[in-house]
Every structure is written in C-alpha cells, then in structure tokens.
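*Asks:* Right, I'll just put the structure down here and ask away after.
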Amino acid sequence: TPITPWWKDAVVYQIYPASFKDSNGDGLGDIPGIISKIDYLKDLGIDIVWISPMFDSPQVDMGYDISDYEAVYPPYGTVEDMETLIRACHERDMKVILDLVINHTSDQHRWFQESRSSRDNPKRDWYIWKPPRYAEDGTRMPPTNWRSYFSGGTWEWDEPTGEYYLHLFAKEQPDLNWENEDTRNAIYDSAMRFWLDKGVDGFRVDTVNMYSKGVEFLDAPIIDPEFYEQPAWLYYANGPRMHEFLREMNDKVLKHYDAVTVGELPHTPDPKKVLDYVGASDKQLSMVFQFDIVDIGQGVARKYQFQPWKLPLFKGIVAKWQQFIEGTDGWTTAFCENHDQGRSISRFASDAPEYRVLSAKMLAIMMTALTGTLFIYQGQEIGMINVPRTWPISEFRDIESVNFYHSIAAQTNNDAATLDYVMRSLQILGRDNARLPMQWDASAHAGFTDREAGAWMRVHDRYGEINVARQVGDPESTWSFWREMIRLRREHGEVLVHGAFEGFEMENEETFVFAKRGGGKTVVVMLNFTGEEQRVEMPYEGLELRVGNYGDVEGAEKSAVGRARVLRPWEGRLYMMM
Ligand code: TEU
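Heads up: the sequence shown runs through residues 44 to 621, numbered per UniProt numbering.
See the structure below:
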C-alpha cells in the first residue's frame, strides 16, 4: 500500500439521482442526466463521484430500500448506463463509488419474499424473526419497545407465520441477519462483487455500525413517555460482532479490489470507538462519517424537536473530530451536508438574501481547510438553501418527515402549536431540504426537467437567484469560490488536508478561529458567524492573507492593529505562512 492512499486527498461529490438532472422529461433525475454533467464536476475539481442508491427499488425510502442489488431502478436507466457512467468518469481520471445498503433490503427483495414464505424456508434465518411476547391480559406484544427511525416500532407482525420481523427503518426495510454466514456471502456477491467487477472504486457504506445487533433483545428505557416506542440505538448499534464482520468483508472482498470505503457511523460519540473502525492497520473501513456535526440541533427524545444551540458547541465538535486521529493511523472525513440533512448555509450560517453568498463562501473556507477527505453534496457548490418556512407538510416527500408529522399530529390531537414547532424543526433539519431538484438555470423548473408538470418534488422558490448557469462564468460567484478553494486545498494538501488542528477562544460565541499546521506550513482561518462586526486576535505572527470572502484581500488587512482584526458580517479569511 502506498503511504498516502489515493482517496485521502480526494474531493468527493455526492449525487442524489432523483434530484440531480432529468434527461428524459419524466420529472425524475436519471443516469444519462448524471453523465451529461460529468464535465461540470471535473471542471469544479471533483475526484470521486458518489452516487446515492440507483438500484432497483420500490422507493419507499428513496432507494435505500433495495429490491435487487444487480439491477438499476428503470426510471433511472440500466446497468449499461451505469457502465457508461463508470467509463466516462474513469476516462476523466475520476473515480466512482456507490452506496452499499446492506443492513436491510426492501421487503420486495426475493430474499425476503422467500424468508417470509414459511418458518422452514431455507432463507427464514436471513432476516431477524422473533416470537411475540404476551402481556398479563394475553395481549400480543412486540419483542421489544424499540422505536424505528421512521416512527412507530421496529417490529412488524407477520400473521401467516406467526412471528415478528425486525426493521430499524421502514416496515418495508426488513433488517438482514448478519449472524448467518450464507446471508453475508450472498451480500458480498450481489451487492459488492457484482459492481466492483464492473469497475466501481468503492462504497459509501450505509448504517455500517448496525449489522451486529446486541445479543439480547432488551426493552429500552423510557425517555419519551408519551409514546410506547422508545429510542433504542444503544441496543442495536455497534454490536459485539461488528469488527469481525468488517474484517471478513475486507478479507473476502474489498482488499482484492483496492476499494475505498466510507462508513456511516451514527450514534458513536466516543473517539476510541470510532478509531476501532478506521485504524489503517486493522483493515476495516477507510474512513467514516461521524455524526456529531450533522446532529446539531436535533431533539433528544424526538429528532424533529429543534434545540437551539450556540457556536461553542459547533466549534467543540469540529475540534474534537479534527483532533481524534492525531498520533494514530486512522483517517477521517470533512462534511457538513448530505441527502439526510438540512443545507449548511441555513443551519449554520445565514440564508438571508443579503448574507447568503457571504455565508456560502465563509463555510467553503472552513470546509476546505479541514483535515480529512472532503465530501461536498450536490448544490452545496452553488449555495443552495433550505425550503422556505411557508411550505406546508404536503410539499414534503420524505417518509421520515411525513411519518413524524403524522405521528405527532395523532399523539397531540392536532395541537396547532406543537405542529407549528414540528414544521419549524423540519424546515431546519428535515431531510427534504437537501432533496429539492438541483438548480441548473433560471428557466422553468430550474432547468432540472423539461416535463411540463415539473419535477417529482417542488423546486426552490429562489432558483432564479441561486443556479449553476448564473454562477459558472462569474468569477465572483459561490461556484467559482468553491473551485478556487478546492484548487488551493490541492496545492497545500500537506496542511489543509493532512495538517494538525488547533482551535482558539473556543468559548467565544460569535467567531471561530483555528490554525492548521503541516509540512512546514501554517494556516489560520478566521470566521465570523454573526451579522455584526466582530473583533478577533491573530494567534500567530508572520501570516499573509490568502483568501477572503469579501474579495478585497489587499484592503482587508488595512484595519489590522497589532494582532487585532475586525471581521465584517459573516466574513471568512484564510491566512498562510509558508
Ligand atoms: O441513514 C442512516 C442514519 O443513520 C440516519 O441518521 C438517517 O440519516 C435518518 O435520517 C434517520 O433519522 C442512511 C441513509 O443515509 C438514509 O437516507 C436512509 O434512510 C437510511 O440509512 C436507511 O437506509
């Protein structure tokens, strides 16, 4: 293995197929649409394209419910289209990774159809079946009180065979039984080797820490007394055989292809536990997405019960997950958006018309200066923002958001104030915020589709102001700024991608100042997270201003007095000493 593997310095761009580009006028994005934009991504400076699930699926959870790993969802295209896409990327020196969703399948997958057909079917044990419990009065009860991610319980009763099956997500997403070796081997063949043999370069691994459930299935403690079902991740995440399974997956499959993996690691706040997954010598995963930063603002008992937060929380999380690999052979990622999250400008900065572009560039400075492999989500490069607060629940499409809203409505008897707070929380944190059609230009439906009736999901009201066509040729645009920052990150990878992180004034609630050091270079980043002027201190001497989101790199330093600097609203600066 080379000292620095190819994927560490790479910039990855995530594509959500439904919302990226529609090429055939059916209102839904597709693979030919993606192929038509490969040069656009190359031009931005992207090295790796990650495609969210494009496999065949009934689309209960936007393709994270897969009914056939070896086929493509017909409205998206064909396996041949995928081969063309892989070739198109490789010809341009870009890599392609796919989503690996193997904690569960769709209930329409033939494995599950067989498994549920009878108790003695050879595939019965490929999923997690349990007998019921009975209350004292004889009422049938599920095996545990666990709450599923999409509201309600994690157990679905199957009348014909008289047992429950486990589903951590929707009831149409039954969990596979990883304890069964035949199941694991079938996964390796169908979901992995099939695509690796077609040339894909690796996987983003969905919910990677949930394959091994706890040995005992115990009731979770009651933290949300108004519901029977309780959050229960302690009982199913990071189970006892997790590392054994991942080593096996690497031995049997990944190492034979030099494939990269980035695993999702929700519910894992302990750095020691995260390191167990990403130590290079241990050969499990190349890197992971740790969730602390994207979980900011979520409710404890209920996700969409927004909790206001202050900047020191955010800074502390960034610092913690920048520093945890220091002195180890582990690796990490830098990301703040994906298809499950609100847009970063709306969550962490300001999407007000007068501050949106400054905010987008300020966050671009921060992200491109962080250690780890950088992941950008489609639309982030043009500063896309959350849905307007005025959109009603009927505009939302995500199963998690819609189910959540209706479960709270039922539970509170449609209490208006509670539901208004749910809508406010969804407007900040809801997954649909990231799933709006990509804004390509100012024509009808943002140039995403030719379909007269528009896209499968409503286009953002502000697409005339925020779109690719407006930004690509404009040197002052958010898009051009991202491209410039990606170029700078590549040029100074030893400090920006690999450097050691140091934070300053971590209790300050308005500004974020940090340094990076590596390869004999020092970088200082100063960010103003408010709409007012703020005073900050330059921590080191002898640095030069290299980038600023106000564009006046020469003028900005004129107001400097000694170490004191004044940052304008949402200003971001990057200083460097070589
Ligand atoms: O998400 C897994 C996950 O752990 C959750 O954080 C998820 O973000 C969701 O919002 C639950 O609250 C992955 C996918 O990214 C997501 O789109 C899928 O719905 C999920 O797995 C099931 O496959």
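Heads up, the beta-carbon is just placed ideally off N, CA and C, and yes, glycines get one too.
Just so it is clear, the structure is predicted and the values come from calculations on it, not from any experiment.
What number of angstroms, rounded off, separates the C-alpha of glycine 615 from the C-alpha of methionine 409?
*Replies:* Straight-line Cα distance between these residues: approximately 8 angstroms.
*Asks:* In this structure, does DSSP put methionine 620 in helix, strand or coil?
*Replies:* If DSSP states are grouped into helix, strand and coil, methionine 620 belongs with the strands.
*Asks:* By Cβ distance, which residues of its chain are closer than 6 angstroms to tyrosine 420, with the 5 residues on each side in sequence left out?
*Replies:* Counting only Cβ-Cβ distances below 6 angstroms, and skipping sequence neighbours, we find Gln57, Glu380 and Asn381.
*Asks:* So, helix, strand or coil for lysine 298, using DSSP?
*Replies:* Correct three-state label for lysine 298: helix.
*Asks:* Going by the DSSP bridge assignment, what does glutamate 369 pair with across the sheet?
*Replies:* Partner(s): none; glutamate 369 has no beta bridge.
*Asks:* Look at the Cβ atom of tyrosine 464, then the Cβ atom of glutamine 341, and state whether they are nearer than 9 angstroms.
*Replies:* In this structure, glutamine 341 does not lie closer than 9 angstroms to tyrosine 464 by Cβ.
*Asks:* Give me the Cα-Cα distance between valine 566 and proline 582, rounded to the nearest whole angstrom.
*Replies:* Cα to Cα, the separation comes out at about 11 angstroms.
*Asks:* What do you reckon, is the C-beta of proline 217 under 8 angstroms from a heavy atom of the ligand TEU?
*Replies:* For the ligand TEU, not one heavy atom lies less than 8 angstroms from the Cβ of proline 217.
*Asks:* What distance in whole Å lies between the Cβ atoms of valine 331 and glycine 306, which are believed to be in contact at a cut-off of 8 angstroms?
*Replies:* Sure, about 5 angstroms apart at Cβ, within 8 angstroms.
*Asks:* With 16 other CB atoms within 10 Å as the buried threshold, where does glutamate 438 fall?
*Replies:* Answer is exposed; the Cβ neighbour count stays below 16.
*Asks:* Could you check the C-alpha separation between arginine 611 and glycine 72 for me, to the nearest Å?
*Replies:* Their backbone Cα atoms lie some 40 angstroms apart in a straight line.
*Asks:* Taking the C-alpha atoms as reference points, what is the distance between valine 361 and glutamate 552?
*Replies:* Approximately 14 angstroms between the Cα atoms of the pair.
*Asks:* Buried or exposed for arginine 390, please, with buried defined as at least 16 other CB atoms from any protein chain shown within 10 angstroms of its CB.
*Replies:* It is buried - the Cβ of arginine 390 has at least 16 other Cβ atoms within 10 Å.
*Asks:* Here's a check: name, in chain order, each residue in its chain whose Cβ is nearer than 7 angstroms to the Cβ of asparagine 228, leaving out the five neighbours to either side.
*Replies:* Within the same chain, asparagine 228 has no close Cβ partners at all.
*Asks:* How many Å lie between serine 161 and arginine 153 at the Cα?
*Replies:* Straight-line Cα distance between these residues: approximately 14 angstroms.
*Asks:* Apart from the five residues on each side of it in sequence, which residues of its chain come closer than 8 angstroms, Cβ to Cβ, to isoleucine 266?
*Replies:* Within the same chain, isoleucine 266 has close Cβ partners Gln273, Pro274, Val343 and Ala344.
*Asks:* For a test of the three-state rule: what should DSSP assign to glutamate 534, helix, strand or coil?
*Replies:* In the structure shown, glutamate 534 sits in a helix (DSSP, three-state: H, G or I).
*Asks:* With valine 579 as the anchor, note down where its beta strand (DSSP E) starts and where it stops.
*Replies:* Note, valine 579: beta strand (DSSP E), 577-580.
*Asks:* Taking 9 angstroms as the CB-CB cut-off, is leucine 289 touching chain C?
*Replies:* Annotation note: the requested chain C is absent from the structure, which comprises a single protein chain.
*Asks:* Between the segment 529-537 and the segment 47-65, do at least 3 Cβ pairs fall closer than 8 angstroms?
*Replies:* Yes, the segment 529-537 is in contact with the segment 47-65.
*Asks:* At a cut-off of 8 angstroms, would you count proline 309 as near the ligand TEU, judging by its Cβ distance to the nearest heavy atom?
*Replies:* Result yes, Cβ under 8 angstroms from the ligand TEU.
*Asks:* Flag methionine 105 as yes when its Cβ comes closer than 8 angstroms to any non-hydrogen atom of the ligand TEU, and as no otherwise.
*Replies:* Because some heavy atom of the ligand TEU lies under 8 angstroms away, the Cβ of methionine 105 counts as near it: yes.
*Asks:* Helix, strand or coil: which one does DSSP assign to valine 122?
*Replies:* In this structure, valine 122 counts as helix in the three-state DSSP scheme.
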